[in-house]
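*Asks:* Pasting a structure below so you can have a look.
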Amino acid sequence: MDKKALEALLSEMSLEEKVMQLVQIPGSEYEADAEITGVTRGQADEKVKRLAGSTLGVWGSKRLKKIQENYMKEHPHHIPLMFMLDVIHGHKTVLPCPLGQGATFDPEAVKKGAAMQAKEASSDGVHATFSPMADLCRDARWGRIMESTGEDKYLNSCMATAMVEGYQGEDLKDPEHIAACVKHFAAYGAGEGGRDYNNTELSEHTLREHYLRAYGEAIKKNPAMVMTSFNTINGIPATGNTFLMKKILREEFGFKGVLISDWAAVGEMINHGFAEDQKDAAFKAMMAGVDIDMTSGCYSGYLEELVKSGEISEKMLDEAVLRVLNMKNDLGLFEDPFREIDMEEGASVTEESRKLARKTVAESLVLLENKAQALPLRKERNAFIGPFVNTKRLQSSWAFSGEDENTVTVFEAASEIYESGNIKFAEGCTMMDQDSVTARGVCHMENWQEENEKLLSEALEAAKWADTVILCLGEDSTQSGEATSKASLKLPAVQLKLLDELSKIGKRIVTLIFTGRPLELADVAKLSDAMLVCWLPGTEGGNGVMDVLSGKTSPSGRLPVSFPYTVGQEPLHYDMYSTGRPKPASGPSEYTSRYLDCENGALYPFGYGLSYTTFEYSGASLSKEKMTSGETLTASVKVRNTGDMKGDVTVQLYIRDITGSRVRPIRELAGFKKISLEPGSEEIVSFKISEEMLRFWTAEEKWDSEPGRFNVWLCDSSVDGETLEFRLD
Ligand code: BGC
Numbered sequence: 009m010d011k012k013a014l015e016a017l018l019s020e021m022s023l024e025e026k027v028m029q030l031v032q033i034p035g036s037e038y039e040a041d042a043e044i045t046g047v048t049r050g051q052a053d054e055k056v057k058r059l060a061g062s063t064l065g066v067w068g069s070k071r072l073k074k075i076q077e078n079y080m081k082e083h084p085h086h087i088p089l090m091f092m093l094d095v096i097h098g099h100k101t102v103l104p105c106p107l108g109q110g111a112t113f114d115p116e117a118v119k120k121g122a123a124m125q126a127k128e129a130s131s132d133g134v135h136a137t138f139s140p141m142a143d144l145c146r147d148a149r150w151g152r153i154m155e156s157t158g159e160d161k162y163l164n165s166c167m168a169t170a171m172v173e174g175y176q177g178e179d180l181k182d183p184e185h186i187a188a189c190v191k192h193f194a195a196y197g198a199g200e201g202g203r204d205y206n207n208t209e210l211s212e213h214t215l216r217e218h219y220l221r222a223y224g225e226a227i228k229k230n231p232a233m234v235m236t237s238f239n240t241i242n243g244i245p246a247t248g249n250t251f252l253m254k255k256i257l258r259e260e261f262g263f264k265g266v267l268i269s270d271w272a273a274v275g276e277m278i279n280h281g282f283a284e285d286q287k288d289a290a291f292k293a294m295m296a297g298v299d300i301d302m303t304s305g306c307y308s309g310y311l312e313e314l315v316k317s318g319e320i321s322e323k324m325l326d327e328a329v330l331r332v333l334n335m336k337n338d339l340g341l342f343e344d345p346f347r348e349i350d351m352e353e354g355a356s357v358t359e360e361s362r363k364l365a366r367k368t369v370a371e372s373l374v375l376l377e378n379k380a381q382a383l384p385l386r387k388e389r390n391a392f393i394g395p396f397v398n399t400k401r402l403q404s405s406w407a408f409s410g411e412d413e414n415t416v417t418v419f420e421a422a423s424e425i426y427e428s429g430n431i432k433f434a435e436g437c438t439m440m441d442q443d444s445v446t447a448r449g450v451c452h453m454e455n456w457q458e459e460n461e462k463l464l465s466e467a468l469e470a471a472k473w474a475d476t477v478i479l480c481l482g483e484d485s486t487q488s489g490e491a492t493s494k495a496s497l498k499l500p501a502v503q504l505k506l507l508d509e510l511s512k513i514g515k516r517i518v519t520l521i522f523t524g525r526p527l528e529l530a531d532v533a534k535l536s537d538a539m540l541v542c543w544l545p546g547t548e549g550g551n552g553v554m555d556v557l558s559g560k561t562s563p564s565g566r567l568p569v570s571f572p573y574t575v576g577q578e579p580l581h582y583d584m585y586s587t588g589r590p591k592p593a594s595g596p597s598e599y600t601s602r603y604l605d606c607e608n609g610a611l612y613p614f615g616y617g618l619s620y621t622t623f624e625y626s627g628a629s630l631s632k633e634k635m636t637s638g639e640t641l642t643a644s645v646k647v648r649n650t651g652d653m654k655g656d657v658t659v660q661l662y663i664r665d666i667t668g669s670r671v672r673p674i675r676e677l678a679g680f681k682k683i684s685l686e687p688g689s690e691e692i693v694s695f696k697i698s699e700e701m702l703r704f705w706t707a708e709e710k711w712d713s714e715p716g717r718f719n720v721w722l723c724d725s726s727v728d729g730e731t732l733e734f735r736l737d
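Residues in the sequence shown are numbered consecutively from 9, following the numbering used here.
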């Protein structure tokens with residue numbers, strides 16, 4: 009449909025019809041078993057069901073085709089219904105959780121993964137996903153850190169951009185692609201104390217320089233939607249925040265697509281104490297520019313009245329409705345409301361999708377320790393122990409459309425590689441401590457004590473038999489994701505006890521950590537010979553993990569987020585500011601900025617990760633010592649594989665602006681390149697540095713660079729490398 013035809017359609021629609029295009033209702037209004045991702049209050053009446061412009065949480069080619077047919081028959085202008093779903097890290101084939109994808113430092117792989125998810129979701133009738141989540145996360149207590157690609161604005165920008173491109177492809181009309189939604193705008197990751205839905209207090213420069221960056225970059229790729237966040241920012245809920253939505257999102261970022269609220273967030277402005285009632289909430293959300301009200305009922309209940317009374321102008325309503333109609337049009341729904349869905353087929357896991365997932369898993373694993381080359385595993389007696397060894401629950405709570413039965417467990421994959429006489433499996437302990445609280449409630453198990461005693465004694469037997477114990481520990485997938493904030497970052501006590509008991513047997517211990525958030529691992533590291541972070545790896549989890557354990561692939565993942573010594577360090581991130589009394593690298597540190605009982609920095613820092621081979625960095629240099637604003641300079645370093653195995657290495661570029669009209673972070677990631685090196689081979693890795701890369705939100709409240717000295721590091725993590733220097737004149 010062309011623009012004129014769309015406008016003509018709009019002019020024919022009744023006020024009620026128009027308002028309803030801005031209403032999204034839960035899929036449970038159409039299908040009883042739809043996924044509910046928030047609290048629902050009451051049911052939509054028949055009119056709302058008949059006219060609501062979109063729904064979420066239902067998928068499946070047959071089901072959606074039927075819903076669409078019935079809906080369009082009833083709709084006065086036969087405008088198709090839009091189906092949205094949280095396809096966060098997989099639809100049928102589940103990839104590593106977004107934090108794991110961040111660890112790949114491979115945006116190309118992430119883009120391919122998003123394209124694969126789009127294809128699967130689309131063949132199941134889905135039109136739009138609520139992804140990518142571009143929230144900057146510096147606090148491991150916040151369970152939704154799992155849904156992010158980490159603590160760094162540059163890495164997050166690369167990943168969010170790659171996801172938008174992968175989901176949407178070149179043209180949204182292509183039925184292999186779906187609409188993306190950049191969320192949660194803005195600064196949802198900065199909630200005080202790491203507590204979900206909590207308020208955020210951010211200065212404008214912190215907001216602009218750090219928190220807004222990844223959303224801004226992703227929006228340059230024209231995502232069809234942006235979602236508001238649940239939090240307040242400096243006292244104003246994001247969903248009613250005109251500064252954020254009108255000034256920044258629409259005016260400065262030039263976003264032209266559909267702005268949707270998060271689940272019930274319009275109505276939640278009443279709880280915040282920002283809106284008096286549902287009508288006031290509808291008014292404030294509309295004034296802030298929110299086009300679609302996801303499930304709160306405020307628009308369906310009061311928007312018509314607000315337009316009739318003139319409080320909201322019909323022009324404003326029309327603009328919002330047109331954006332929604334445009335999105336439907338961009339998806340090709342007016343020409344084909346079913347987007348070539350094959351009713352019989354639907355989405356499924358394929359050999360090709362498994363291959364891509366398996367490769368991504370292997371790329372996402374981060375080797376934190378490898379004492380005396382405990383890894384790769386030797387062909388000897390290996391005992392696989394722990395609650396994650398043979399579980400199919402290797403995906404996060406945000407992969408609900410993927411079926412557990414498709415998942416390959418670690419033990420299944422290991423059994424393919426090693427002869428049965430050479431491996432043993434023991435569960436070792438339960439996944440959780442008794443009465444642990446999860447997003448879904450309290451987990452109580454009858455006979456928990458007896459069960460754990462039995463599991464422990466079986467594990468000890470297996471360990472006595474083995475040469476190496478591969479101990480698979482971690483956090484259950486219901487303990488990260490939405491509404492899963494935690495004040496402790498330790499593994500469950502029952503798992504730590506298992507490690508402790510096994511360590512007394514004196515065998516080599518390789519510990520695998522399955523998690524959606526950074527955990528406190530200092531004590532675990534002491535008792536382990538090797539330690540590998542596996543995230544929540546998804547469908548091909550077992551195979552990807554075994555590719556690395558067996559040495560088929562050398563690990564190449566890097567931490568996208570700092571792992572602390574202790575939870576007391578949170579929020580923790582490498583790109584801190586210097587204080588007036590920085591702690592010296594060595595020597596006396598009285599009266600400096602430090603913890604008396606802990607290091608300042610991370611136990612395992614951002615960008616860190618080991619390989620089975622070793623890499624040597626040498627000859628780091630800059631092409632010139634001075635640069636003016638129209639010029640660029642080149643930073644280069646030689647990287648050599650000095651070990652005896654092929655490996656991938658992520659060379660990282662960090663910059664520090666030494667003096668500014670506002671203080672600048674001690675380091676900021678400005679680029680990275682992942683290269684593959686054969687043993688003994690070397691490569692010169694170069695990055696161009698331009699004036700644009702040196703801009704920040706200055707004391708004059710604008711994006712600019714300032715003349716002065718800059719440090720540069722070309723290195724292996726956020727804490728190493730030789731310091732180089734240049735001047736910007
Ligand atoms: C979450 C969003 C999600 C939405 C729809 C909310 O609870 O915060 O991230 O996209 O539900 O499922």
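Glycine residues also receive a C-beta, built at the ideal position from the N, C-alpha and C atoms.
Predicted model only: the values in this text are computed from it and were never measured.
(1) Run through the DSSP bridge pairs and tell me what GLY738 is partnered with.
(2) Between the beta-carbon of GLN577 and the beta-carbon of VAL329, is there less than 7 Å?
(3) Sorted by chain position, which residues of the same chain lie with C-beta nearer than 7 Å to SER130's C-beta, five sequence neighbours on each side aside?
(4) Does the beta-carbon of THR587, which I'm using as the reference point, lie nearer than 6 Å to any heavy atom of the ligand BGC?
(5) At a threshold of 6 Å, does PHE138 count as lining the ligand BGC (C-beta to nearest heavy atom)?
(6) Give, in chain order, every unbroken run of the alpha helix (DSSP H) that is at least 4 residues long and sits entirely within the segment 452-509.
(7) How would you write the range of the beta strand (DSSP E) that ARG672 sits in, first residue to last?
(8) Does at least one heavy atom of the ligand BGC sit under 6 Å from the Cβ of TRP271?
(9) What span of residues does the beta strand (DSSP E) with ASN390 cover, start to end?
(10) Could you give the first and the last residue of the continuous alpha helix (DSSP H) run that contains GLY224?
(11) Apply the 10 Å Cβ neighbour rule to TYR585 and answer buried if 16 or more other Cβ atoms are within range, or exposed otherwise.
(12) With burial defined as no fewer than 16 other Cβ atoms inside 10 Å of the residue's Cβ, what is the status of GLY201: buried or exposed?
(13) Would you say SER488 and GLY524 are within 7 Å of each other, going by their C-beta atoms?
(14) Here's a check: name, in chain order, each residue in its chain whose Cβ is nearer than 6 Å to the Cβ of ALA168, leaving out the five neighbours to either side.
(15) Say the cut is 6 Å; is the CB of THR214 nearer than that to a heavy atom of the ligand BGC?
(16) Indicate whether LEU339 and HIS99 have their beta-carbon atoms separated by less than 7 Å.
(17) Among GLY429, ALA421, GLU459, ASP179, which one has its Cα closest to the Cα of MET439?
(18) Alpha carbon to alpha carbon, how far is SER629 from VAL659?
(19) Tell me, please, which residues DSSP counts as bridged to ASN719.
(20) Count the other C-beta atoms from every protein chain shown that fall within 10 angstroms of the C-beta of LEU736, then say buried if there are 16 or more, exposed otherwise.
(21) Starting from VAL553, follow its DSSP beta bridges and name the residues at the other end.
(22) Applying the 10 Å Cβ sphere with the 16-neighbour rule, what's the burial state of PHE251?
(23) Determine whether the beta carbon atoms of PRO568 and LEU144 lie at a separation below 7 Å.
(24) Between the C-alpha atoms of LEU333 and SER405, what's the straight-line distance to the nearest angstrom?
(25) Does the ligand BGC have a heavy atom nearer than 6 Å to the CB of ASP179?
(26) Give the C-beta separation of VAL502 and ILE521 to the nearest angstrom, bearing in mind that I take them to be a contact with Cβ-Cβ under 8 Å.
(27) Write down every uninterrupted run of the beta strand (DSSP E) in the segment 136-205 whose length is 3 residues or greater and which is fully enclosed by it, in chain order.
(28) Pair every Cβ in the segment 468-487 with every Cβ in the segment 399-418, then say whether three or more of these pairs are closer than 8 Å.
(29) Taking C-beta to C-beta, are THR101 and ALA365 nearer than 7 Å?
(30) State the beta-bridge partners of SER626 as determined by DSSP.
(31) Quick check: does the Cβ of GLY524 come within less than 6 Å of any heavy atom belonging to the ligand BGC?
(32) May I ask you to report which of helix, strand or coil DSSP gives ALA42?
(33) Figure out for me which residue from ARG152, GLU25, LEU220, GLU116 has the closest Cα to the Cα of TRP705.
(34) Does the count of Cβ pairs from the segment 652-671 and the segment 629-639 closer than 8 Å reach three?
(35) Using three-state DSSP, classify LEU373 as helix, strand or coil.
(36) Which residues in the same chain have their Cβ closer than 8 Å to the Cβ of GLY716, if we skip the five residues on either side of it in sequence?
*Replies:* In this structure, then:
(1) Because residue 738 is not part of the residues shown, which for the chain are 9 to 737, the question remains open.
(2) As a first step, residue 577 is located in the sequence shown; it is residue number 569 there, counting from the start. As a first step, residue 329 is located in the sequence shown; it is residue number 321 there, counting from the start. Against a cut-off of 7 Å, the Cβ pair of VAL329 and GLN577 comes out as no contact.
(3) Here residue 130 refers to the residue found at position 122 of the sequence shown. Within the same chain, SER130 has close Cβ partners PRO183, GLU184, HIS185, ILE186, ARG347.
(4) The count along the sequence shown starts at 1 and reaches residue 587 at position 579. No, since every heavy atom of the ligand BGC falls outside the 6 Å radius drawn around the Cβ of THR587.
(5) On the sequence shown, position 130 is the one that residue 138 refers to. Result yes, Cβ under 6 Å from the ligand BGC.
(6) 456-473
(7) Counting from one through the sequence shown, the residue named residue 672 turns up at place 664. Here ARG672 belongs to no beta strand (DSSP E), and DSSP marks it neither H nor E.
(8) Residue mapping note: residue 271 aligns to position 263 of the sequence shown, counting from 1. Indeed, a heavy atom of the ligand BGC lies less than 6 Å from the Cβ.
(9) The residue you call residue 390 lines up with position 382 of the sequence shown. Unbroken beta strand (DSSP E) run through ASN390: 390-393.
(10) Taking the first residue of the sequence shown as 1, we reach residue 224 at position 216. Note, GLY224: alpha helix (DSSP H), 221-227.
(11) Here residue 585 is taken as the residue at index 577 of the sequence shown, counted from 1. It is exposed - the Cβ of TYR585 has fewer than 16 other Cβ atoms within 10 Å.
(12) Working through the sequence shown from its first residue, we reach residue 201 at position 193. GLY201 comes out exposed.
(13) Counted from its first residue, the sequence shown places residue 488 at position 480. Counted from its first residue, the sequence shown places residue 524 at position 516. Against a cut-off of 7 Å, the Cβ pair of GLY524 and SER488 comes out as a contact.
(14) For the purposes of this step, residue 168 is identified with residue 160 of the sequence shown, where counting begins at 1. Here the set comprises PRO140, ALA142, ALA222, ALA226.
(15) Numbered from 1 along the sequence shown, position 206 holds the residue referred to as residue 214. No - the ligand BGC has no heavy atom lying nearer than 6 Å to the Cβ of THR214.
(16) Residue mapping note: residue 339 aligns to position 331 of the sequence shown, counting from 1. Residue mapping note: residue 99 aligns to position 91 of the sequence shown, counting from 1. No, Cβ-Cβ distance for LEU339 and HIS99 is not below 7 Å.
(17) Within the sequence shown, the letter at position 431 stands for residue 439. Taking only the C-alpha atoms, the option nearest MET439 is GLU459.
(18) For the purposes of this step, residue 629 is taken as the residue at position 621 of the sequence shown. For the purposes of this step, residue 659 is taken as the residue at position 651 of the sequence shown. Going from the Cα of SER629 to the Cα of VAL659 covers about 14 Å.
(19) Sequence index remark: in the sequence shown, residue 719 carries index 711 (1-based). Looking at the DSSP assignment, ASN719 forms a beta bridge with ARG664, GLU733.
(20) Residue mapping note: residue 736 aligns to position 728 of the sequence shown, counting from 1. Label assigned to LEU736: buried.
(21) Position 545 of the sequence shown holds residue 553. Answer is none; VAL553 lacks a bridge partner.
(22) For the purposes of this step, residue 251 is taken as residue 243 along the sequence shown, with counting starting at 1. When all chains shown are included, PHE251 counts as exposed.
(23) Counting from 1 along the sequence shown, the entry for residue 568 is found at position 560. Counting from 1 along the sequence shown, the entry for residue 144 is found at position 136. Their beta carbons are not under 7 Å apart, which means PRO568 does not touch LEU144 by this criterion.
(24) In the sequence shown, the residue the question calls residue 333 occupies position 325. In the sequence shown, the residue the question calls residue 405 occupies position 397. Their Cα atoms are separated by approximately 32 Å.
(25) Within the sequence shown, numbered from 1, the residue matching residue 179 stands at position 171. Incorrect: ASP179 has no Cβ contact closer than 6 Å to the ligand BGC.
(26) Here residue 502 corresponds to residue number 494 of the sequence shown, with the count starting at 1. Here residue 521 corresponds to residue number 513 of the sequence shown, with the count starting at 1. The Cβ separation is near 15 Å, so there is no contact.
(27) 189-193
(28) yes
(29) Within the sequence shown, the letter at position 93 stands for residue 101. Within the sequence shown, the letter at position 357 stands for residue 365. Contact: yes.
(30) Counting from one through the sequence shown, the residue named residue 626 turns up at place 618. DSSP, once it has assigned bridges, lists LYS646 as partnering SER626.
(31) Against the sequence shown, residue 524 aligns to sequence position 516. False, no ligand heavy atom lies under 6 Å from that Cβ.
(32) What you label residue 42 is simply residue 34 of the sequence shown in a count that begins at 1. DSSP places ALA42 in coil when its eight states are reduced to three.
(33) For the purposes of this step, residue 705 is taken as residue 697 along the sequence shown, with counting starting at 1. TRP705 has its Cα closest to that of LEU220, out of ARG152, GLU25, LEU220, GLU116.
(34) no
(35) On the sequence shown, residue 373 is found 365 positions in, with the first residue counted as 1. Three-state DSSP puts LEU373 in coil, outside helix and strand.
(36) By 1-based counting over the sequence shown, the position of residue 716 is 708. Closer than 8 Å at the Cβ level, and outside the excluded window around GLY716, lie ASP665, ILE666, THR667, GLY668, ARG735, LEU736.
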